[in-house]
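Visitor: Take a look at the following structure, please.
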Amino acid sequence: MSGCCMCTVVKRLLFGLGVGPTIVELDHLASGAPDIQAVLFHLLQESSSSSSSEGGGVPAVFVGGKYLGGIETLMACHINGSLVPLLKDAGALWL
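In structure tokens form, the structure reads like this:
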């Protein structure tokens, strides 16, 4: 969502690392946003590492086409040092 502060944090982190992410902002889609949000919410519920505090499944981070998780998972990967290797393995980061 374009007005979501947590979505902004995710975008800034990825841009700051030199990644050019594909960004889909649900509030800017003409149609399909409710369906996409329902799928994201379902992924969030299936993910054992996510908590229910992440509202509606956004932000949802996919790396290399695989669902990584929300902001808590992304930040944990960044803090523990596994995010950069993950991005490199996916071809999203070259340095």
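Residues -18 to -1, 1 to 77 (mature numbering (1 follows the signal peptide of the UniProt record, and there is no 0)) make up the sequence shown, in order. Even glycine gets a Cβ: it sits at the ideal position worked out from N, Cα and C.
Is the distance from the Cβ of residue 71 to the Cβ of residue 46 below 9 Å?
Guide: yes
Visitor: Classify residue 75 as helix, strand or coil using the three-state DSSP reduction.
Guide: coil
Visitor: Is the beta carbon of residue 68 less than 9 Å from the beta carbon of residue 51?
Guide: no
Visitor: Are the Cβ atoms of residue 40 and residue -15 separated by less than 9 Å?
Guide: Yes.
Visitor: Which whole-angstrom value describes the C-beta separation of residue -10 and residue 61, a residue pair presumed to lie in contact below a C-beta threshold of 8 Å?
Guide: That belief does not hold up - the Cβ atoms of residue -10 and residue 61 are roughly 13 Å apart, past 8 Å.
Visitor: Grab me the residues of residue 73's own chain with a C-beta within less than 8 Å of its C-beta, minus the 5 sequence neighbours each way, in chain order.
Guide: So the list reads 46, once near-sequence residues are dropped.
Visitor: Pick from 5, 12, 43: whose alpha carbon is nearest that of residue 23?
Guide: 43
Visitor: Would you mind stating whether residue -2 and residue 66 have Cβ atoms separated by less than 9 Å?
Guide: yes
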